[in-house]
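Quick notes on the structure that follows.
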Amino acid sequence: MRIGVIGAGLGGLLSASLLSEMGYRVEVFEKLPFLGGRFTNFNYRGYEISTGALHMIPHGSRGPLARMLKKAGAKVEIVDSKPEGTALYNGEEVKISRKRIPLRSRIAFLAHCVKNWFKEVKLSELEKKLDDFSARYLRAFLGWSFSITPEQTTLSKIYPVYRSILELGGPGVPVGGCRSVIEALVEVIRSNDCEINRQKVSVIRKEGYGFSVHLENRTAKRFDVVISDIGHEETARLSGLKSYAKLEPSRGIKYSIAVKQSFIDHTGVLFTLNTRRISGMNQVTNADPNLGKQNFLMAHQPMLTTNVRFEISEGLKDLKELLKGYDYEILAVQSFSDGWPVNRALAGSDIGCKTPVNGLYVVGDGAKGHDIEVDGIALGVEEVVEEIRKTL
Amino acid sequence: MIVVTEKCVGCATCMLVCPKDAITVEGKAEINHELCENCRKCVNYCPVEAINFLKT
Chain L
8 MRIGVIGAGL GGLLSASLLS EMGYRVEVFE KLPFLGGRFT NFNYRGYEIS TGALHMIPHG
68 SRGPLARMLK KAGAKVEIVD SKPEGTALYN GEEVKISRKR IPLRSRIAFL AHCVKNWFKE
128 VKLSELEKKL DDFSARYLRA FLGWSFSITP EQTTLSKIYP VYRSILELGG PGVPVGGCRS
188 VIEALVEVIR SNDCEINRQK VSVIRKEGYG FSVHLENRTA KRFDVVISDI GHEETARLSG
248 LKSYAKLEPS RGIKYSIAVK QSFIDHTGVL FTLNTRRISG MNQVTNADPN LGKQNFLMAH
308 QPMLTTNVRF EISEGLKDLK ELLKGYDYEI LAVQSFSDGW PVNRALAGSD IGCKTPVNGL
368 YVVGDGAKGH DIEVDGIALG VEEVVEEIRK TL
Chain V
108 MIVVTEKCVG CATCMLVCPK DAITVEGKAE INHELCENCR KCVNYCPVEA INFLKT
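These protein sequence lines map, in sequence, to chains L and V. Using the working numbering, the first residue of the first sequence is number 8, and each one after it goes up by one. Using the working numbering, the first residue of the second sequence is number 108, and each one after it goes up by one.
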């Protein structure tokens, strides 16, 4: 049984490591000269700056990714955030707890759930009925976690995530950053004598019971099953399928900031409630001091317009106000959209791991299970691995 | 000469890997041609194939 994996992002490598542990012969193809896609980091001027994701795992050591890393035998240490988050509201840092949400807003939330469960009512309708703190917190939470605004989503789309946060708890930071997860997976794959090749795949062709995967160097390889970690649309293109999925990606901007004095005194998220754009920040060096030579802050904002430069200028104004009186330097401004987005599908609109072709699966962003970010990716991978185990 | 095309999304991967610190990014990558030595690392690392090398 031979399995080809196209794309060495988190989804591809997690699939490959689990399947190679189970004894399948797996070969991974990656077109870029680095592994991990949007979930790795490079050392830049003494700071571990990520290619995409924040150095965070949504449910820390208790979530699906942590569970599957363990299953694959990938050794990653995750520091769970404590507290999970605080909020900067009218110049003060406040705890986020049920008590902070006034009774009338809790009732408005319940009423919204009952009335609009089966309707596609935008969350901005709920926002209007909330008190100032709760409304701003909702907006910041959506911006930080999903890179979307209440206007862009409905309750039913984000409810599964809301539930899993209640159940599994908030985030954690992997020691060594995103790259440590990738390196641990690569070690598992290589220890099982499976190869990761730097090759660009140009065509995936169904042939009889299997597939031939054509590489850009004009060779082709045979596989019984193909797992694609390059998104549904690109997978459809390479396999000559009519586009069966139209996904709307989410866009956002991430700032990496070096600060001389500590700005956040915990390992969780600081949601920023009185800003133009910035939704939240975390000081990742609190969880792992080796991620930067000084205090290292990551801030994130969704994009409210399509004008990237304007969005960045708004974000920078926020940062100037937030960090007033601090000695800081902005190390990197990274914008994510189109072919390198925050998410290939807006929160809650991932379309699962199946394709119209038997034996061709999609994992990773755009094919997440019912959770967010890398924990959603882990659930998608789990489903694919289970499908393969059942059928072969 | 290294040229950044319209496909650039501004993810700054090129800036992170440039050995000469010749790239700045704010929405789009900009190459400082005085520092750039045409090593093409940015061309290879760009995830969206937005950077080209042109023989001049």
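Where a beta carbon is used, it is the ideal one built from N, C-alpha and C, also for glycine. Note that this is a predicted model, so its numbers are computed, not measured.
List the endpoints of the continuous beta strand (DSSP E) containing F317 (chain L). Secondary structure note for F317 (chain L): it is in no beta strand (DSSP E), and the uninterrupted alpha helix (DSSP H) holding it is 315 to 329.
Local Cβ density within 10 Å of P1 (chain L), reported as buried at 16 or more and exposed below that: Outside the shown range of chain L, which is 8 to 399, sits residue 1 (chain L), and nothing can be said about it.
DSSP beta-bridge partners of G11 (chain L): According to DSSP, which records beta bridges pairwise, G11 (chain L) is partnered with L:E34, L:V233.
What residues in its chain sit with their C-beta under 6 Å from that of Y54 (chain L), if we drop five residues either side in the sequence? If you ignore the 5 residues before and after Y54 (chain L), its C-beta comes within less than 6 Å of the C-beta of G299, F303, L338, all in its own chain and listed in chain order.
Could you tell me if V110 (chain V) is buried or exposed, where buried requires 16 or more neighbouring beta carbons within 10 angstroms of its beta carbon? V110 (chain V) should be labelled exposed.
When the cut-off is 9 Å and only beta carbons count, does R225 (chain L) lie next to chain V? Not an interface residue.
Residue(s) in a DSSP beta bridge with W347 (chain L): Looking at the DSSP assignment, W347 (chain L) forms a beta bridge with L:S344.
Which two residues bound the contiguous beta strand (DSSP E) that contains N48 (chain L)? Counting along the chain, the beta strand (DSSP E) containing N48 (chain L) begins and ends at 48 to 51.
Quick one: Cα of P309 (chain L) to Cα of K324 (chain L), how far? About 15 Å.
Backbone secondary structure at Y96 (chain L) - three-state DSSP: Strand, per DSSP.
Quick one: which residues of the stretch 120 to 132 of chain V get their C-beta closer than 8 Å to a C-beta of chain L? List them in chain order. When CB distances to chain L are screened at a threshold of 8 Å, the residues of the stretch 120 to 132 of chain V falling below it are T120, M122, L123, V124, V132, in chain order.
Neighbouring residues, chain V, relative to F36 (chain L) (Cβ below 8 Å): What F36 (chain L) touches in chain V: nothing, since even the nearest Cβ is about 15 Å away.
For a contact defined as C-beta to C-beta under 8 Å, what are the partners of N145 (chain V) on chain L? Within 8 Å Cβ-Cβ: nothing; N145 (chain V) doesn't reach chain L, min ~17 Å.
Determine the closest residue to T395 (chain L) out of L:Q159, L:G150, L:V33, with distance taken between C-alpha atoms. Per the sequence shown, residue 395 (chain L) should be read as Ile rather than Thr. The alpha carbon of I395 (chain L) has as its nearest neighbour, out of L:Q159, L:G150, L:V33, the alpha carbon of L:V33.
Proximity of P154 (chain V) and L39 (chain L) at Cβ, strictly below 9 Å: Closer than 9 Å, so yes.
Three or more beta-carbon pairs under 8 Å between the stretch 174 to 194 of chain L and the stretch 53 to 67 of chain L, yes or no? Pairwise C-beta distances place the stretch 174 to 194 of chain L in contact with the stretch 53 to 67 of chain L, as three or more of them are shorter than 8 Å.
Length of the line joining the Cα atoms of K129 (chain L) and V116 (chain V): Cα to Cα, K129 (chain L) sits roughly 28 Å from V116 (chain V).
Any beta carbon from chain V within less than 9 Å of C315 (chain L)'s own beta carbon? Here residue 315 (chain L) is Val; the residue named in the question, Cys, does not match the sequence. For V315 (chain L), the nearest CB of chain V lies under 9 Å from its own CB, placing it at the interface with that chain.
Where I172 (chain L) sits in the DSSP three-state scheme: In the structure shown, I172 (chain L) falls within a helical segment according to DSSP collapsed to helix, strand and coil.
Can you grab the Cα-Cα spacing for the pair A294 (chain L) / G176 (chain L), in whole Å? Going by the C-alpha atoms only, they are around 17 Å apart.
Taking the C-alpha atoms as reference points, what is the distance between K114 (chain V) and S235 (chain L)? Computed Cα separation, rounded: 23 Å.
Under a CB-based cut-off of 9 Å, is L162 (chain L) close to chain V? When Cβ-Cβ separations below 9 Å define contact, L162 (chain L) makes no contact with chain V.
Contact with chain V by T58 (chain L), beta-carbon distance below 9 Å: Cβ-Cβ to chain V under 9 Å: yes for T58 (chain L).
Would you mind working out which of L:V121, L:S342, L:P90 sits nearest S163 (chain L), comparing C-alpha positions? Ranking L:V121, L:S342, L:P90 by CA distance to the CA of S163 (chain L) puts L:V121 first.
Who does L277 (chain L) pair with in a DSSP beta bridge? Answer by DSSP bridge pairing, in chain order: L:T93, L:M288.
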